[in-house]
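*Asks:*
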Amino acid sequence: MASPRFPALAASPAPSAPRRGGARLGLVARTALAPALWGGTYALFTETLPTSHPLSVAAGRSLVGGLLLLAWVRSRRTALGRAPSTALAAPRSADLAARWSPDRALARLVTLALLNVGFFSALLFLAAARLPGGTAAILTSTQPLVAAFAAWPLLGLRPGRAALGAGLLGVLGVALLVAAPGAALDPLGVGAALGAAGAMGVGTVLVRRWRGLGPALALAAWQLVLGGLALAPLAFALEGAPPSPTATQLAGFALLATVGTAWTFGLWIRGAAALGPGAAFLGLLSPLVATGLGALLLGERLGALEALGALLVLAAAGAGAVGGGSPSATTSASTPPAPATPAPARPDGRRSRAPARRTERGTPRSAHAAWTAEVERQHGTRNAERGTHPDRREGSPPSTSRSPTTPAPPRTTPAPPRTTPPHREGEPS
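In my numbering, the protein residues as written are 1255 to 1683.
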(Lines of atoms letter the chains of each structure in order from A and count residues from 1; the text may use other names and numbers.)
(Lines give C-alpha, C1' and ligand atoms only; values in the text may rest on other atoms or scores of the structure.)
Protein backbone atom coordinates (compact mmCIF):
# COMPACT_ATOMS: atom_id res chain seq x y z
CA MET A 1 0.00 0.00 0.00
CA ALA A 2 2.91 2.33 0.60
CA SER A 3 4.22 4.35 -2.30
CA PRO A 4 6.69 7.23 -2.44
CA ARG A 5 4.75 8.90 -5.23
CA PHE A 6 2.29 10.75 -3.00
CA PRO A 7 4.05 11.43 0.33
CA ALA A 8 1.56 13.86 1.84
CA LEU A 9 -1.56 11.73 1.51
CA ALA A 10 -1.34 10.75 5.17
CA ALA A 11 -3.58 10.98 8.18
CA SER A 12 -4.31 14.63 8.82
CA PRO A 13 -5.62 15.70 12.22
CA ALA A 14 -9.29 14.88 12.53
CA PRO A 15 -11.53 17.83 13.31
CA SER A 16 -12.76 17.85 16.84
CA ALA A 17 -16.45 17.75 17.58
CA PRO A 18 -17.92 21.24 17.68
CA ARG A 19 -18.90 22.57 21.05
CA ARG A 20 -22.29 23.99 21.82
CA GLY A 21 -23.18 27.63 21.77
CA GLY A 22 -20.74 30.21 20.50
CA ALA A 23 -18.12 27.71 19.37
CA ARG A 24 -20.58 26.00 17.04
CA LEU A 25 -21.78 29.32 15.66
CA GLY A 26 -18.18 30.24 14.94
CA LEU A 27 -17.65 26.94 13.16
CA VAL A 28 -20.76 27.48 11.04
CA ALA A 29 -19.60 31.00 10.16
CA ARG A 30 -16.13 29.81 9.13
CA THR A 31 -17.59 26.98 7.06
CA ALA A 32 -20.11 29.30 5.38
CA LEU A 33 -17.28 31.62 4.41
CA ALA A 34 -15.99 29.06 1.89
CA PRO A 35 -19.06 28.89 -0.41
CA ALA A 36 -19.55 32.64 -0.02
CA LEU A 37 -16.03 33.25 -1.34
CA TRP A 38 -16.58 30.70 -4.10
CA GLY A 39 -19.56 32.78 -5.17
CA GLY A 40 -17.21 35.70 -5.72
CA THR A 41 -15.02 33.63 -8.04
CA TYR A 42 -17.20 34.46 -11.05
CA ALA A 43 -16.85 38.23 -10.68
CA LEU A 44 -13.15 37.91 -9.88
CA PHE A 45 -12.56 35.86 -13.01
CA THR A 46 -14.49 38.08 -15.40
CA GLU A 47 -13.02 41.33 -14.04
CA THR A 48 -9.36 40.49 -13.40
CA LEU A 49 -8.38 37.38 -15.40
CA PRO A 50 -8.25 36.66 -19.15
CA THR A 51 -11.66 35.25 -20.06
CA SER A 52 -10.24 34.09 -23.40
CA HIS A 53 -8.23 31.39 -21.59
CA PRO A 54 -10.63 29.74 -19.11
CA LEU A 55 -8.86 26.36 -19.25
CA SER A 56 -5.49 27.93 -18.48
CA VAL A 57 -6.97 29.78 -15.51
CA ALA A 58 -8.61 26.58 -14.25
CA ALA A 59 -5.39 24.58 -14.59
CA GLY A 60 -3.25 27.19 -12.84
CA ARG A 61 -5.76 27.72 -10.06
CA SER A 62 -6.08 23.98 -9.34
CA LEU A 63 -2.35 23.27 -9.51
CA VAL A 64 -1.16 26.21 -7.40
CA GLY A 65 -4.02 25.92 -4.91
CA GLY A 66 -3.48 22.17 -4.55
CA LEU A 67 0.25 22.59 -3.90
CA LEU A 68 -0.44 25.23 -1.26
CA LEU A 69 -3.04 23.01 0.42
CA LEU A 70 -0.66 20.06 0.28
CA ALA A 71 2.10 22.11 1.92
CA TRP A 72 -0.33 23.21 4.64
CA VAL A 73 -1.29 19.60 5.38
CA ARG A 74 2.37 18.58 5.70
CA SER A 75 3.29 21.57 7.86
CA ARG A 76 0.33 20.93 10.15
CA ARG A 77 1.38 17.31 10.63
CA THR A 78 4.93 18.41 11.44
CA ALA A 79 3.64 20.99 13.93
CA LEU A 80 1.66 18.26 15.68
CA GLY A 81 4.79 16.11 16.03
CA ARG A 82 3.89 13.58 13.35
CA ALA A 83 6.35 12.56 10.69
CA PRO A 84 5.03 12.88 7.14
CA SER A 85 4.00 9.46 5.90
CA THR A 86 4.98 7.97 2.54
CA ALA A 87 1.73 6.08 2.15
CA LEU A 88 -0.37 6.63 -0.93
CA ALA A 89 -3.46 6.26 1.24
CA ALA A 90 -4.20 5.82 4.90
CA PRO A 91 -6.49 2.77 5.03
CA ARG A 92 -8.85 2.45 7.95
CA SER A 93 -8.28 -1.25 8.41
CA ALA A 94 -6.08 -4.11 7.32
CA ASP A 95 -8.90 -5.28 5.09
CA LEU A 96 -8.66 -2.14 2.95
CA ALA A 97 -4.90 -2.53 2.70
CA ALA A 98 -5.31 -6.13 1.55
CA ARG A 99 -8.07 -5.31 -0.91
CA TRP A 100 -6.62 -2.22 -2.59
CA SER A 101 -3.28 -2.32 -4.35
CA PRO A 102 -1.34 0.93 -4.81
CA ASP A 103 -2.09 0.94 -8.54
CA ARG A 104 -5.81 0.50 -7.92
CA ALA A 105 -5.84 3.28 -5.34
CA LEU A 106 -3.93 5.52 -7.75
CA ALA A 107 -6.44 4.82 -10.53
CA ARG A 108 -9.31 5.77 -8.23
CA LEU A 109 -7.54 8.90 -7.08
CA VAL A 110 -6.94 9.99 -10.68
CA THR A 111 -10.60 9.32 -11.51
CA LEU A 112 -11.74 11.53 -8.64
CA ALA A 113 -9.27 14.23 -9.66
CA LEU A 114 -10.57 14.27 -13.23
CA LEU A 115 -14.22 14.44 -12.19
CA ASN A 116 -14.07 16.76 -9.18
CA VAL A 117 -11.32 19.07 -10.44
CA GLY A 118 -10.40 18.49 -14.07
CA PHE A 119 -13.77 18.37 -15.80
CA PHE A 120 -15.50 20.47 -13.16
CA SER A 121 -13.03 23.37 -13.18
CA ALA A 122 -12.71 23.45 -16.96
CA LEU A 123 -16.47 23.49 -17.51
CA LEU A 124 -17.02 25.91 -14.62
CA PHE A 125 -14.69 28.57 -15.98
CA LEU A 126 -15.98 28.01 -19.50
CA ALA A 127 -19.49 28.70 -18.21
CA ALA A 128 -18.26 31.74 -16.28
CA ALA A 129 -16.72 33.13 -19.47
CA ARG A 130 -19.96 32.75 -21.48
CA LEU A 131 -22.72 33.34 -18.91
CA PRO A 132 -23.51 35.91 -16.23
CA GLY A 133 -21.89 34.85 -12.99
CA GLY A 134 -25.16 34.41 -11.11
CA THR A 135 -26.72 32.31 -13.84
CA ALA A 136 -23.64 30.08 -14.09
CA ALA A 137 -23.59 29.59 -10.32
CA ILE A 138 -27.30 28.76 -10.19
CA LEU A 139 -27.01 26.16 -12.95
CA THR A 140 -23.94 24.63 -11.30
CA SER A 141 -25.80 24.39 -7.99
CA THR A 142 -27.85 21.49 -9.41
CA GLN A 143 -24.95 19.22 -8.39
CA PRO A 144 -26.83 17.78 -5.34
CA LEU A 145 -29.63 16.62 -7.66
CA VAL A 146 -27.14 14.78 -9.86
CA ALA A 147 -25.57 13.19 -6.79
CA ALA A 148 -28.96 12.05 -5.48
CA PHE A 149 -29.76 10.20 -8.71
CA ALA A 150 -26.20 8.95 -9.34
CA ALA A 151 -26.26 7.28 -5.92
CA TRP A 152 -28.83 4.76 -7.20
CA PRO A 153 -26.57 2.83 -9.63
CA LEU A 154 -23.33 3.56 -7.77
CA LEU A 155 -24.37 3.10 -4.13
CA GLY A 156 -27.68 1.25 -4.39
CA LEU A 157 -29.54 4.16 -2.76
CA ARG A 158 -32.85 4.63 -4.53
CA PRO A 159 -33.99 8.27 -4.62
CA GLY A 160 -37.12 8.80 -2.57
CA ARG A 161 -40.14 10.90 -3.34
CA ALA A 162 -38.46 14.03 -2.05
CA ALA A 163 -35.53 13.55 -4.42
CA LEU A 164 -37.84 12.87 -7.36
CA GLY A 165 -39.86 15.98 -6.57
CA ALA A 166 -36.68 18.01 -6.23
CA GLY A 167 -35.50 16.72 -9.60
CA LEU A 168 -38.70 17.81 -11.34
CA LEU A 169 -38.55 21.16 -9.55
CA GLY A 170 -34.96 21.66 -10.65
CA VAL A 171 -35.74 20.85 -14.28
CA LEU A 172 -38.61 23.36 -14.23
CA GLY A 173 -36.40 26.00 -12.66
CA VAL A 174 -33.63 25.50 -15.22
CA ALA A 175 -36.20 25.72 -18.04
CA LEU A 176 -37.55 29.03 -16.69
CA LEU A 177 -34.06 30.39 -16.16
CA VAL A 178 -32.83 29.50 -19.65
CA ALA A 179 -35.95 30.02 -21.77
CA ALA A 180 -37.18 33.23 -20.16
CA PRO A 181 -37.83 36.09 -22.62
CA GLY A 182 -34.78 38.31 -22.92
CA ALA A 183 -32.43 35.79 -21.30
CA ALA A 184 -30.32 35.24 -24.47
CA LEU A 185 -28.04 32.73 -22.76
CA ASP A 186 -25.22 31.08 -24.64
CA PRO A 187 -26.10 27.38 -25.19
CA LEU A 188 -22.46 26.33 -24.82
CA GLY A 189 -22.25 28.13 -21.49
CA VAL A 190 -25.47 26.52 -20.26
CA GLY A 191 -24.21 23.08 -21.28
CA ALA A 192 -20.86 23.72 -19.60
CA ALA A 193 -22.53 24.74 -16.32
CA LEU A 194 -24.78 21.68 -16.29
CA GLY A 195 -21.83 19.47 -17.28
CA ALA A 196 -19.81 20.84 -14.37
CA ALA A 197 -22.67 19.99 -12.02
CA GLY A 198 -22.84 16.47 -13.47
CA ALA A 199 -19.10 15.86 -13.10
CA MET A 200 -19.05 17.07 -9.51
CA GLY A 201 -22.21 15.12 -8.66
CA VAL A 202 -20.81 11.81 -9.89
CA GLY A 203 -17.44 12.54 -8.30
CA THR A 204 -19.08 13.23 -4.94
CA VAL A 205 -20.84 9.86 -5.03
CA LEU A 206 -17.62 8.07 -5.98
CA VAL A 207 -15.82 9.70 -3.05
CA ARG A 208 -18.43 8.14 -0.77
CA ARG A 209 -18.18 4.78 -2.53
CA TRP A 210 -14.38 4.66 -2.40
CA ARG A 211 -14.03 5.54 1.26
CA GLY A 212 -10.64 4.75 2.75
CA LEU A 213 -8.42 6.31 0.06
CA GLY A 214 -7.17 8.83 2.59
CA PRO A 215 -8.17 11.70 4.88
CA ALA A 216 -10.43 14.25 3.27
CA LEU A 217 -8.08 17.25 3.36
CA ALA A 218 -5.07 15.47 1.88
CA LEU A 219 -7.31 13.72 -0.64
CA ALA A 220 -8.70 17.08 -1.81
CA ALA A 221 -5.19 18.51 -2.12
CA TRP A 222 -4.06 15.64 -4.32
CA GLN A 223 -7.18 15.92 -6.45
CA LEU A 224 -6.40 19.59 -7.07
CA VAL A 225 -2.80 18.83 -8.00
CA LEU A 226 -3.62 15.92 -10.31
CA GLY A 227 -6.56 17.77 -11.85
CA GLY A 228 -4.35 20.78 -12.58
CA LEU A 229 -1.68 18.56 -14.14
CA ALA A 230 -4.31 16.94 -16.37
CA LEU A 231 -5.74 20.31 -17.46
CA ALA A 232 -2.42 22.00 -18.27
CA PRO A 233 -1.60 20.16 -21.53
CA LEU A 234 -5.24 20.31 -22.64
CA ALA A 235 -5.34 24.07 -22.06
CA PHE A 236 -2.11 24.59 -23.99
CA ALA A 237 -3.36 22.46 -26.90
CA LEU A 238 -6.75 24.18 -27.18
CA GLU A 239 -5.96 27.75 -26.14
CA GLY A 240 -2.27 28.12 -26.74
CA ALA A 241 0.09 29.93 -24.43
CA PRO A 242 -1.62 32.47 -22.17
CA PRO A 243 -0.81 36.14 -22.75
CA SER A 244 1.73 37.95 -20.64
CA PRO A 245 -0.05 38.72 -17.37
CA THR A 246 -0.57 42.24 -16.17
CA ALA A 247 -0.29 43.37 -12.57
CA THR A 248 -4.07 43.16 -12.16
CA GLN A 249 -4.16 39.64 -13.56
CA LEU A 250 -1.32 38.51 -11.29
CA ALA A 251 -3.11 39.93 -8.25
CA GLY A 252 -6.39 38.33 -9.29
CA PHE A 253 -4.76 34.95 -9.89
CA ALA A 254 -2.92 35.08 -6.55
CA LEU A 255 -6.20 35.86 -4.77
CA LEU A 256 -7.98 33.07 -6.65
CA ALA A 257 -5.33 30.42 -5.92
CA THR A 258 -4.68 31.26 -2.28
CA VAL A 259 -7.96 32.52 -0.81
CA GLY A 260 -10.38 31.17 -3.41
CA THR A 261 -8.88 27.67 -3.54
CA ALA A 262 -6.41 26.57 -0.87
CA TRP A 263 -7.88 28.43 2.11
CA THR A 264 -11.53 27.90 1.21
CA PHE A 265 -11.02 24.18 0.56
CA GLY A 266 -9.42 23.83 3.98
CA LEU A 267 -12.29 25.70 5.65
CA TRP A 268 -14.98 23.76 3.85
CA ILE A 269 -13.62 20.24 4.25
CA ARG A 270 -12.84 20.56 7.95
CA GLY A 271 -16.07 22.42 8.69
CA ALA A 272 -18.27 20.03 6.71
CA ALA A 273 -16.67 17.05 8.46
CA ALA A 274 -17.48 18.55 11.86
CA LEU A 275 -20.99 19.80 11.04
CA GLY A 276 -22.17 16.69 9.19
CA PRO A 277 -24.95 16.61 6.57
CA GLY A 278 -26.32 19.96 7.71
CA ALA A 279 -23.42 21.69 5.96
CA ALA A 280 -25.03 20.94 2.59
CA PHE A 281 -27.35 23.93 3.03
CA LEU A 282 -24.36 26.26 3.29
CA GLY A 283 -23.37 25.43 -0.28
CA LEU A 284 -26.37 27.42 -1.50
CA LEU A 285 -24.56 30.60 -0.45
CA SER A 286 -22.36 30.37 -3.55
CA PRO A 287 -25.09 31.07 -6.16
CA LEU A 288 -26.72 33.65 -3.89
CA VAL A 289 -23.46 35.59 -3.49
CA ALA A 290 -22.66 35.24 -7.19
CA THR A 291 -26.08 36.58 -8.16
CA GLY A 292 -25.85 39.46 -5.68
CA LEU A 293 -22.36 40.51 -6.78
CA GLY A 294 -23.36 40.26 -10.42
CA ALA A 295 -26.32 42.55 -9.83
CA LEU A 296 -24.42 45.08 -7.70
CA LEU A 297 -21.08 45.24 -9.49
CA LEU A 298 -21.76 44.14 -13.05
CA GLY A 299 -25.38 45.11 -13.60
CA GLU A 300 -26.45 41.49 -14.23
CA ARG A 301 -30.09 41.57 -13.18
CA LEU A 302 -32.62 38.78 -13.49
CA GLY A 303 -36.10 39.19 -14.91
CA ALA A 304 -39.23 38.00 -13.16
CA LEU A 305 -39.28 34.55 -14.78
CA GLU A 306 -35.52 34.21 -14.39
CA ALA A 307 -35.77 35.05 -10.70
CA LEU A 308 -38.57 32.50 -10.28
CA GLY A 309 -36.48 29.87 -12.06
CA ALA A 310 -33.49 30.70 -9.87
CA LEU A 311 -35.58 30.27 -6.72
CA LEU A 312 -36.90 26.92 -7.96
CA VAL A 313 -33.38 25.70 -8.75
CA LEU A 314 -32.08 26.75 -5.33
CA ALA A 315 -35.03 25.10 -3.57
CA ALA A 316 -34.49 21.91 -5.55
CA ALA A 317 -30.76 21.95 -4.80
CA GLY A 318 -31.45 22.35 -1.09
CA ALA A 319 -33.92 19.46 -1.12
CA GLY A 320 -31.48 17.29 -3.04
CA ALA A 321 -28.63 18.16 -0.70
CA VAL A 322 -30.45 16.84 2.36
CA GLY A 323 -32.65 14.21 0.72
CA GLY A 324 -31.32 10.72 1.23
CA GLY A 325 -32.06 7.53 -0.61
CA SER A 326 -33.19 4.17 0.63
CA PRO A 327 -31.44 0.91 -0.18
CA SER A 328 -32.70 -0.42 -3.47
CA ALA A 329 -34.43 -3.74 -3.88
CA THR A 330 -31.46 -5.22 -5.69
CA THR A 331 -29.11 -4.25 -2.91
CA SER A 332 -31.42 -5.59 -0.23
CA ALA A 333 -31.97 -8.83 -2.11
CA SER A 334 -28.25 -9.39 -2.53
CA THR A 335 -27.79 -9.54 1.24
CA PRO A 336 -29.40 -12.77 2.44
CA PRO A 337 -30.66 -12.98 6.01
CA ALA A 338 -28.63 -14.90 8.51
CA PRO A 339 -29.73 -18.56 8.59
CA ALA A 340 -31.28 -19.83 11.76
CA THR A 341 -29.16 -22.40 13.57
CA PRO A 342 -31.17 -25.57 14.32
CA ALA A 343 -31.14 -27.05 17.76
CA PRO A 344 -28.56 -29.82 18.23
CA ALA A 345 -29.94 -33.32 17.83
CA ARG A 346 -28.92 -36.63 19.41
CA PRO A 347 -28.32 -39.82 17.40
CA ASP A 348 -31.78 -41.12 18.41
CA GLY A 349 -33.46 -38.10 16.79
CA ARG A 350 -34.54 -36.38 20.02
CA ARG A 351 -33.79 -32.76 20.71
CA SER A 352 -30.97 -32.42 23.16
CA ARG A 353 -31.15 -30.00 26.02
CA ALA A 354 -28.14 -28.35 27.51
CA PRO A 355 -27.59 -29.40 31.11
CA ALA A 356 -28.71 -26.89 33.66
CA ARG A 357 -26.04 -24.57 34.96
CA ARG A 358 -25.60 -24.38 38.66
CA THR A 359 -24.33 -21.24 40.22
CA GLU A 360 -21.90 -21.87 43.01
CA ARG A 361 -22.97 -20.57 46.37
CA GLY A 362 -21.43 -17.23 47.13
CA THR A 363 -20.52 -16.47 43.49
CA PRO A 364 -22.30 -13.50 41.86
CA ARG A 365 -24.35 -14.38 38.81
CA SER A 366 -22.48 -11.94 36.56
CA ALA A 367 -19.11 -13.39 37.57
CA HIS A 368 -20.37 -16.92 37.10
CA ALA A 369 -21.79 -16.06 33.67
CA ALA A 370 -18.46 -14.55 32.61
CA TRP A 371 -16.59 -17.62 33.89
CA THR A 372 -18.97 -19.95 32.02
CA ALA A 373 -18.61 -17.98 28.78
CA GLU A 374 -14.82 -18.12 29.03
CA VAL A 375 -14.89 -21.88 29.60
CA GLU A 376 -17.19 -22.36 26.61
CA ARG A 377 -14.99 -20.18 24.42
CA GLN A 378 -11.82 -22.04 25.33
CA HIS A 379 -13.54 -25.38 24.85
CA GLY A 380 -14.81 -24.35 21.39
CA THR A 381 -11.32 -23.11 20.43
CA ARG A 382 -9.72 -26.44 21.39
CA ASN A 383 -12.32 -28.35 19.39
CA ALA A 384 -11.74 -26.14 16.35
CA GLU A 385 -7.97 -26.72 16.56
CA ARG A 386 -8.42 -30.51 16.86
CA GLY A 387 -11.14 -30.61 14.19
CA THR A 388 -13.58 -32.41 16.49
CA HIS A 389 -17.22 -31.70 17.11
CA PRO A 390 -18.06 -30.27 20.54
CA ASP A 391 -21.03 -32.62 20.90
CA ARG A 392 -19.14 -35.79 19.96
CA ARG A 393 -16.37 -37.69 21.67
CA GLU A 394 -13.30 -38.70 19.71
CA GLY A 395 -13.84 -41.95 17.84
CA SER A 396 -17.66 -41.78 17.91
CA PRO A 397 -19.59 -41.82 14.62
CA PRO A 398 -20.87 -38.45 13.39
CA SER A 399 -24.50 -37.53 13.83
CA THR A 400 -26.60 -37.81 10.69
CA SER A 401 -29.27 -35.39 11.86
CA ARG A 402 -27.04 -32.27 11.84
CA SER A 403 -26.36 -30.38 8.64
CA PRO A 404 -22.62 -30.35 7.87
CA THR A 405 -22.80 -26.69 6.91
CA THR A 406 -24.46 -25.56 10.14
CA PRO A 407 -21.95 -24.57 12.83
CA ALA A 408 -22.41 -26.42 16.08
CA PRO A 409 -23.30 -24.46 19.20
CA PRO A 410 -20.57 -24.11 21.82
CA ARG A 411 -20.41 -26.86 24.39
CA THR A 412 -21.68 -25.87 27.77
CA THR A 413 -20.20 -26.75 31.12
CA PRO A 414 -21.75 -30.06 32.25
CA ALA A 415 -23.46 -30.31 35.58
CA PRO A 416 -22.00 -32.60 38.27
CA PRO A 417 -23.00 -36.26 37.70
CA ARG A 418 -26.06 -37.52 39.53
CA THR A 419 -25.83 -40.65 41.58
CA THR A 420 -29.42 -41.66 40.75
CA PRO A 421 -30.59 -41.44 37.12
CA PRO A 422 -33.65 -39.23 36.67
CA HIS A 423 -37.02 -40.93 36.34
CA ARG A 424 -38.75 -40.38 32.99
CA GLU A 425 -42.45 -40.68 32.33
CA GLY A 426 -43.46 -43.95 30.69
CA GLU A 427 -40.46 -45.87 32.03
CA PRO A 428 -40.72 -48.43 34.86
CA SER A 429 -39.25 -47.29 38.15
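Ideal placement from N, C-alpha and C gives every residue a C-beta, glycine not left out. On a predicted model such as this, the values are computed, not experimentally measured, just so you know.
Below 6 Å CB to CB, which residues in the same chain sit around Val1400 once its five sequence neighbours on both sides are set aside?
*Replies:* The residue labelled residue 1400 in the question sits at position 146 within the sequence shown. Counting only Cβ-Cβ distances below 6 Å, and skipping sequence neighbours, we find Ala1451, Gly1452 and Gly1455.
*Asks:* Have a look at the DSSP bridge pairing and note the partners of Pro1541.
*Replies:* On the sequence shown, residue 1541 is found 287 positions in, with the first residue counted as 1. Its beta-bridge partners do not exist; DSSP assigns none.
*Asks:* Between which two residues does the beta strand (DSSP E) containing Arg1462 stretch?
*Replies:* For this step, residue 1462 is matched to residue 208 along the sequence shown. From DSSP, Arg1462 is part of no beta strand (DSSP E) but of the alpha helix (DSSP H) over Pro1441 to Arg1463.
*Asks:* Under a three-way DSSP split, which group does Leu1411 fall into?
*Replies:* For this step, residue 1411 is matched to residue 157 along the sequence shown. Strand, per DSSP.
*Asks:* Quick test of the definition: if touching needs 3 or more C-beta pairs under 8 Å, does the segment 1533-1544 touch the segment 1281-1299?
*Replies:* yes
*Asks:* Do Leu1303 and Ala1376 have their beta-carbon atoms positioned less than 7 Å apart in this structure?
*Replies:* For the purposes of this step, residue 1376 is identified with residue 122 of the sequence shown, where counting begins at 1. For the purposes of this step, residue 1303 is identified with residue 49 of the sequence shown, where counting begins at 1. Their beta carbons are not under 7 Å apart, which means Ala1376 does not touch Leu1303 by this criterion.
*Asks:* Note down the Cα distance separating Leu1393 from Leu1488, rounded to an integer number of angstroms.
*Replies:* In the sequence shown, residue 1393 corresponds to position 139, counting from 1. In the sequence shown, residue 1488 corresponds to position 234, counting from 1. Rounded to whole angstroms, Leu1393 to Leu1488 spans 25 Å at the Cα level.
*Asks:* Note down the Cα distance separating Ala1575 from Gly1530, rounded to an integer number of angstroms.
*Replies:* For this step, residue 1575 is matched to residue 321 along the sequence shown. For this step, residue 1530 is matched to residue 276 along the sequence shown. Spanning the two alpha carbons is a distance of roughly 12 Å.
*Asks:* Do Leu1423 and Leu1566 have their CB atoms nearer than 7 Å?
*Replies:* Position 169 of the sequence shown, counted from the start, is the residue given in the question as residue 1423. Position 312 of the sequence shown, counted from the start, is the residue given in the question as residue 1566. Taking 7 Å as the Cβ cut-off, Leu1423 and Leu1566 qualify as a contacting pair.
*Asks:* Hey, which unbroken runs of the alpha helix (DSSP H) at 4 residues or more fall wholly within the segment 1493-1531?
*Replies:* Taking 4 residues as the minimum length, the alpha helix (DSSP H) runs contained wholly in the segment 1493-1531 are 1501-1511 and 1518-1529, in order along the chain.
*Asks:* Return the residue from the list Trp1326, Ala1286 and His1307 that minimises the CA-CA distance to Ala1495.
*Replies:* Locating residue 1495 in the sequence shown gives position 241, where the first residue counts as 1. For Ala1495, the nearest C-alpha among the options comes from His1307.
*Asks:* Can you check which of these residues, Ala1475, Val1444, Val1425 and Pro1386, is closest to Arg1524 by C-alpha distance?
*Replies:* By 1-based counting over the sequence shown, the position of residue 1524 is 270. For Arg1524, the nearest C-alpha among the options comes from Ala1475.
*Asks:* Arg1330 by DSSP, collapsed to three states: which one?
*Replies:* To locate residue 1330, count along the sequence shown from 1; it is residue 76. Residue state, collapsed to three classes: helix.
*Asks:* Assess contact between the segment 1548-1563 and the segment 1314-1325, defined as three or more Cβ pairs (one per stretch) separated by less than 8 Å. Is contact present?
*Replies:* no
*Asks:* Check Ala1434 in the structure and name its three-state DSSP category.
*Replies:* In the sequence shown, the residue the question calls residue 1434 occupies position 180. Three-state result, Ala1434: coil.
*Asks:* Considering just the uninterrupted stretch of the alpha helix (DSSP H) at Arg1284, what are its terminal residues?
*Replies:* Position 30 of the sequence shown, counted from the start, is the residue given in the question as residue 1284. Arg1284 -> alpha helix (DSSP H) spans Gly1276 to Gly1293.
*Asks:* If contacts are defined as beta-carbon pairs under 8 Å, then Trp1522 and Ala1288 qualify, I think. What distance do you get, rounded to the angstrom?
*Replies:* Position 268 of the sequence shown, counted from the start, is the residue given in the question as residue 1522. Position 34 of the sequence shown, counted from the start, is the residue given in the question as residue 1288. Confirmed, Cβ separation roughly 4 Å.
*Asks:* Once DSSP output is grouped into helix, strand and coil, what is the label at Gly1466?
*Replies:* As a working note, residue 1466 is residue 212 in the sequence shown. DSSP places Gly1466 in coil when its eight states are reduced to three.
*Asks:* By how many angstroms is the C-alpha of Leu1430 removed from the C-alpha of Leu1510?
*Replies:* Taking the sequence shown and counting its residues from 1, the one referred to as residue 1510 is at position 256. Taking the sequence shown and counting its residues from 1, the one referred to as residue 1430 is at position 176. Straight-line Cα distance between these residues: approximately 31 Å.
*Asks:* Are the beta-carbon atoms of Ala1571 and Thr1389 separated by less than 7 Å?
*Replies:* In the sequence shown, counting from the first residue as 1, residue 1571 sits at position 317. In the sequence shown, counting from the first residue as 1, residue 1389 sits at position 135. Taking 7 Å as the Cβ cut-off, Ala1571 and Thr1389 do not qualify as a contacting pair.
*Asks:* Buried or exposed: Gly1514, going by 16 or more other Cβ atoms within 10 Å of its Cβ?
*Replies:* Within the sequence shown, residue 1514 is the residue found at index 260, counting from 1. Its Cβ being crowded by 16 or more others within 10 Å, Gly1514 is buried.
*Asks:* Apart from the five residues on each side of it in sequence, which residues of its chain come closer than 6 Å, Cβ to Cβ, to Phe1373?
*Replies:* Residue mapping note: residue 1373 aligns to position 119 of the sequence shown, counting from 1. Contacts found: Ala1453.
*Asks:* Identify which residue in Gly1421, Leu1323 and Ala1486 has its Cα closest to the Cα of Thr1518.
*Replies:* In the sequence shown, residue 1518 corresponds to position 264, counting from 1. Nearest of Gly1421, Leu1323 and Ala1486 to Thr1518, Cα basis: Leu1323.
*Asks:* Which one of Val1461, Phe1535 and Gly1466 has the shortest CA to CA distance from Leu1409?
*Replies:* If you number the sequence shown from 1, residue 1409 lands on position 155. Taking only the C-alpha atoms, the option nearest Leu1409 is Val1461.
*Asks:* Hey, Gly1445 and Val1371: beta-carbon distance below 7 Å or not?
*Replies:* The count along the sequence shown starts at 1 and reaches residue 1445 at position 191. The count along the sequence shown starts at 1 and reaches residue 1371 at position 117. No, they are not a contact pair.
*Asks:* Output the distance between the C-alpha atoms of Arg1330 and Leu1321, rounded to the nearest integer angstrom.
*Replies:* The residue labelled residue 1330 in the question sits at position 76 within the sequence shown. The residue labelled residue 1321 in the question sits at position 67 within the sequence shown. Looking at the two C-alpha atoms, the distance is approximately 14 Å.
*Asks:* Taking only three categories from DSSP, how would you classify Glu1554?
*Replies:* Residue 1554 sits at position 300 when you count from the first residue of the sequence shown. Three-state DSSP puts Glu1554 in coil, outside helix and strand.
*Asks:* Report yes if the CB atom of Ala1516 is closer than 7 Å to the CB atom of Gly1387, and no otherwise.
*Replies:* Here residue 1516 is taken as the residue at index 262 of the sequence shown, counted from 1. Here residue 1387 is taken as the residue at index 133 of the sequence shown, counted from 1. No.
*Asks:* What is the DSSP secondary structure of Thr1300, counted as helix, strand or coil?
*Replies:* Sequence index remark: in the sequence shown, residue 1300 carries index 46 (1-based). DSSP places Thr1300 within a helical segment (H, G or I) once states are collapsed to three.
*Asks:* Give me the residue from Ala1564, Leu1538, Phe1403 and Ala1290 with the minimum Cα distance to Gly1419.
*Replies:* If you number the sequence shown from 1, residue 1419 lands on position 165. Among Ala1564, Leu1538, Phe1403 and Ala1290, the Cα nearest to that of Gly1419 belongs to Phe1403.
*Asks:* Just the C-alpha distance for Arg1384 and Gly1506, rounded to the nearest angstrom, thanks.
*Replies:* For the purposes of this step, residue 1384 is identified with residue 130 of the sequence shown, where counting begins at 1. For the purposes of this step, residue 1506 is identified with residue 252 of the sequence shown, where counting begins at 1. Spanning the two alpha carbons is a distance of roughly 19 Å.
*Asks:* Mapping the DSSP letters down to three states, classify Thr1389 as helix, strand or coil.
*Replies:* Position 135 of the sequence shown, counted from the start, is the residue given in the question as residue 1389. Three-state DSSP puts Thr1389 in a helix.
*Asks:* Is Ser1316 helix, strand or coil by DSSP?
*Replies:* On the sequence shown, position 62 is the one that residue 1316 refers to. Of the three classes helix, strand and coil, the one that applies to Ser1316 here is helix, per DSSP.
*Asks:* Sorted by chain position, which residues of the same chain lie with C-beta nearer than 6 Å to Gly1548's C-beta, five sequence neighbours on each side aside?
*Replies:* One-based indexing of the sequence shown puts residue 1548 at position 294. Counting only Cβ-Cβ distances below 6 Å, and skipping sequence neighbours, we find Pro1386, Gly1387, Gly1388 and Glu1554.
*Asks:* Compute the Euclidean distance between the alpha carbons of Val1327 and Pro1435, then round it to the nearest angstrom.
*Replies:* Position 73 of the sequence shown, counted from the first residue, corresponds to residue 1327. Position 181 of the sequence shown, counted from the first residue, corresponds to residue 1435. Taking the straight line joining both Cα atoms gives about 49 Å.
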